[in-house]
Amino acid sequence: MDNPRQDCINKSPSPDTESLFKQLLEKMVDVCNGNSESSKKVEAALYPHFVSAVNTALLCLELVDVPGTRPCSPGTRPYSPPVCFHVNDPSFLKQVHQGQLSERKPDVVVVSGSDARNHVAGGTGDILQPEELLLKAATKPPGSELFSNNETSTLKPTLKPTLKPFEWRNIRMFVEFKISTKKMAKPPSSYPLSSQRPLPKPQYLTMDQQVEENDARQSEALPAAPASASANSKPPSDTRRSSRLLSLPGAGTSQSGSNSRKRSSEGAHSEPKRQKSESKGRHPVIVQAGGYAAEMFAAHTGRQHVLGLVVVGDLLYIWRYDRQSAIQCSALNFIEDLPRFLVLLFAMQRFQDCHWGLNPNIDPKFEACSRSPTMTFHDQQGKEIDIELELSSDERRTHFGLNGRATNVFPAASETLSSEGPLIAKVFWAEESRKSEPDILQKVYEIAGNKNVKGRDDVEGHVPAMVCYQKYLHTSTALIRKRLGLNVNGSRVLYVIVFRKLEPITALTGDDFLRAWWDTVRCHFVLWTNGVRHRDVSPSNLMYRIVNGMIVGVLNDFDLASLGGGVTGTERTGTVPFMALGLLTEKALRGEVMHLYEHDAESFIWVLTWISLRYSNGQPMKNKALDKWLIVDAVTCREKKWDFLGQSDSLLDNEDYPPGKGHEFHLRIAYTYLSVHDARRKRGSHPDSLGVHQDTGSVKSTESEDPKAVFRKSFIDPIHKQLD
1 MDNPRQDCIN KSPSPDTESL FKQLLEKMVD VCNGNSESSK KVEAALYPHF
51 VSAVNTALLC LELVDVPGTR PCSPGTRPYS PPVCFHVNDP SFLKQVHQGQ
101 LSERKPDVVV VSGSDARNHV AGGTGDILQP EELLLKAATK PPGSELFSNN
151 ETSTLKPTLK PTLKPFEWRN IRMFVEFKIS TKKMAKPPSS YPLSSQRPLP
201 KPQYLTMDQQ VEENDARQSE ALPAAPASAS ANSKPPSDTR RSSRLLSLPG
251 AGTSQSGSNS RKRSSEGAHS EPKRQKSESK GRHPVIVQAG GYAAEMFAAH
301 TGRQHVLGLV VVGDLLYIWR YDRQSAIQCS ALNFIEDLPR FLVLLFAMQR
351 FQDCHWGLNP NIDPKFEACS RSPTMTFHDQ QGKEIDIELE LSSDERRTHF
401 GLNGRATNVF PAASETLSSE GPLIAKVFWA EESRKSEPDI LQKVYEIAGN
451 KNVKGRDDVE GHVPAMVCYQ KYLHTSTALI RKRLGLNVNG SRVLYVIVFR
501 KLEPITALTG DDFLRAWWDT VRCHFVLWTN GVRHRDVSPS NLMYRIVNGM
551 IVGVLNDFDL ASLGGGVTGT ERTGTVPFMA LGLLTEKALR GEVMHLYEHD
601 AESFIWVLTW ISLRYSNGQP MKNKALDKWL IVDAVTCREK KWDFLGQSDS
651 LLDNEDYPPG KGHEFHLRIA YTYLSVHDAR RKRGSHPDSL GVHQDTGSVK
701 STESEDPKAV FRKSFIDPIH KQLD
């Protein structure tokens, strides 16, 4: 099968990069010094004028040809330009994340000419020439005044009363404007070759930099950013929340129905405008821009990067986001150095979809896509397997956020494996310095198949069945950083792993649940004692399958696991509400506490307690006190869990913590486990950990006790021993 990425590569002979850039600058100087409409005055405070000027420049650039660059063929009139800057404010772009609506309104968006045509025509079928189309893109949608009463302009809105709104799927790039108190530079009468001008001192936007917004808009609230989901199922609502939570407006979590999270602020339906006297509480432009980038990532599975522009006065800042971090270019004065700005526009005008960051293998087009292209994987025997991802399935679990693994889970289809049961595909960005999940699973399968391993039966059949996987080396976030001379530490690369489908353990009740939970405890223990450290025990990682009519618990999701005692990578491992107290201290968060078996054993107890109190007959139920564990930082979560532990003496008759139906007996078991740990605490345990009781009566969370001893002291077999 042809590699779709090849379409993104210019196969023509490539000249020296510096020479090509100089040729481009010379061409841009010709454009800037010409008598075209590019000499029109630009007022950055009024972005309609900016859009008009940029679109006029794009029309001029269509005819510029430089050897070694991709040509731009306008086509037969009336044609649609390749790209178009379009005023968006005050229109909202809407998107749903895990059942929760998000509404945002970037000032300006970059879309294709065909999308712009559909937008301004509003379904009327009007045929516009390119010049008309690009001019109308500079006007605002109906319902808002383009100019104040004391302004005049030739850019009068002539749009139809109905406009087709943009969707985040349409957006190539966002542009956000801020007013600067600094007076803008006057354009020179002519432009010398930019390469002969000394480069200005680099300037960068910082988080605490104060810039005013020209219409004092209130930033929209951001829905919660659920991090990764279980890879083999339609996950339960208690999904993992990344340790690197998105620090954006309104980022918070709670349950809303069975599959959503509540904002920590009032939400996306708050008033879009407020008085200027309230403007001091607005979020920094960097935060606003990050919110737009997160929306664009969420709109396209596997998107590799997002571009955004922030315009402050006459300075333009280019931002490039990927799953490792954001890269900010130093400011470009687009008035004093207009030719260099036109080089940027020239390049963007010739971008293909992959150059905007779309992944050609998974979600290659800006149009709506219900399925991925057919991908060819290979199983362990080298057999080819066709895989398609059902991107619009109701069972999908998508990610909202900027950095990190950004796990998305989709049902998968395969003609080759059509008779072998349902499949699920996990799409995520793994940290390259970590041992990969496929490598970890190969070690797990070796343990399960080794007859000399004591307890291997507790592993065999109790781990996920990986069918095939693909690592996309060309997506590594280290590539651009190496070219720019930046630190590559923490770089990520895209994986797609296909598994046999599993079901969430939270759907079970009664003996079925208890057996499945105990299966995962025993599986985890055997793996740990044989060198596989899972280190991320949470409800979303405990699953089950049915084998010969029997419920079989499965320990799932090994993307944060490690082999042996060594730890690699820069991410803190674990899911905060279920992490051991000893791992939620500031010292532990700095990486100064070793992750021990006792920490994962404690996580199993927190998971058992959580599910007993948060699920009823397989459905999630609300508990305000426990919900707060999901939305606070790690140290605050530890404090809340300590408070909860202090109430464990009355847990069985506490009105604030009623057990869910089907979990009454499970809460009694959890109570027993918690009581044992609380007794150790009262005997003088380390205040930062439940820990494990030593003969001396003291506990040190950084000293390792034999996992077998920890297992015996932490757990009572709930299957073979009945509690009174």
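If you're matching positions, the sequence shown starts at 1 in our numbering and goes up one per residue. Glycine included, each C-beta is placed from N, C-alpha and C at the ideal position. A quick note: this is a predicted structure, and the numbers were derived from the prediction, not measured.
Helix, strand or coil at residue i according to DSSP, with G and I counted as helix
i	result
residue 388	strand
residue 555	strand
residue 708	helix
residue 428	strand
residue 169	helix
residue 669	helix
residue 127	coil
residue 371	strand
residue 615	strand
residue 772	Look at the range of the chain in this structure, 1 to 724, and you will see that residue 772 is not part of it.
residue 79	coil
residue 287	helix
residue 481	helix
residue 730	Since the first and last residues shown for the chain are 1 and 724, residue 730 lies out of range.
residue 652	helix
residue 350	coil
Exposure label - residue i; buried when at least 16 CB within 10 Å
i	result
residue 266	Residue placement at residue 266 is flagged as unreliable, the pLDDT there being 27, under the threshold of 50; a coordinate-derived value is accordingly withheld.
residue 360	buried
residue 63	exposed
residue 516	buried
residue 695	Confidence in residue 695 is poor, its pLDDT being 30 and thus under 50, which makes the residue's placement unreliable; the coordinate value appears in the next sentence. With fewer than 16 Cβ atoms within 10 Å of its Cβ, residue 695 is classed as exposed.
residue 541	buried
residue 96	exposed
residue 107	buried
residue 199	exposed
residue 577	buried
residue 337	buried
residue 643	exposed
residue 553	buried
Residues that DSSP places opposite residue i in a beta bridge
i	result
residue 466	499
residue 628	DSSP output for residue 628 lists no bridge partner at all.
residue 471	495
residue 413	388
residue 562	533
residue 136	Per DSSP, none; premise fails for residue 136.
residue 328	319
residue 111	84
residue 311	177 and 316
residue 93	104
residue 333	315
residue 378	384
residue 117	Bridge partners of residue 117: none, in fact.
residue 408	427
residue 191	According to DSSP, which records beta bridges pairwise, residue 191 is partnered with nothing at all.
residue 550	547
Chain-order list of residues whose beta-carbon lies under 7 Å from that of residue i (same chain, five-residue window excluded)
i	result
residue 725	As displayed, the chain neither begins before 1 nor continues past 724, which places residue 725 out of reach and without an answer.
residue 477	322, 323, 324, 491 and 492
residue 368	169
residue 37	Low per-residue confidence applies at residue 37: pLDDT is 39, beneath 50, and the placement is therefore not dependable, though the value from the model is reported in the following sentence. Correct list, in chain order: 56.
residue 88	105, 106, 107, 108, 109 and 166
residue 453	447 and 530
residue 488	478, 481 and 482
Sequence-distant residues of the same chain with beta carbon closer than 8 Å to residue i, five excluded per side
i	result
residue 186	335
residue 528	534, 597, 600 and 707
residue 365	353 and 358
residue 301	359, 362, 363, 372, 389, 391, 398, 408, 410 and 427
residue 728	The structure shown does not extend to residue 728, since the chain is modelled only from 1 through 724, so no value can be given for it.
Close-in-space but distant-in-sequence residues of the same chain around residue i (CB under 6 Å, 5 per side omitted)
i	result
residue 396	410
residue 526	455, 458 and 459
Minimum Cβ-Cβ distance from residue i to chain C less than 8 Å
i	result
residue 202	Note that chain C does not occur in the displayed structure, where there is just one protein chain.
Tell me, please, whether the region 439-447 touches the region 422-429 by the rule of three or more beta-carbon pairs shorter than 8 Å.
no
Check whether the region 498-506 touches the region 586-597, counting contact only when three or more Cβ pairs, one atom from each stretch, lie closer than 8 Å.
no
Can we say the region 79-89 touches the region 343-353, given the rule of at least three CB pairs closer than 8 Å?
yes
For the region 411-418 against the region 311-324, are there 3 or more C-beta pairs whose distance is under 8 Å?
no
Could you tell me whether the region 662-675 touches the region 593-613, where touching means 3 or more Cβ pairs closer than 8 Å?
yes
So does the region 171-181 actually touch the region 312-326, counting three or more Cβ pairs closer than 8 Å?
yes
Do the region 378-385 and the region 399-411 meet, that is, are 3 or more Cβ pairs less than 8 Å apart?
no
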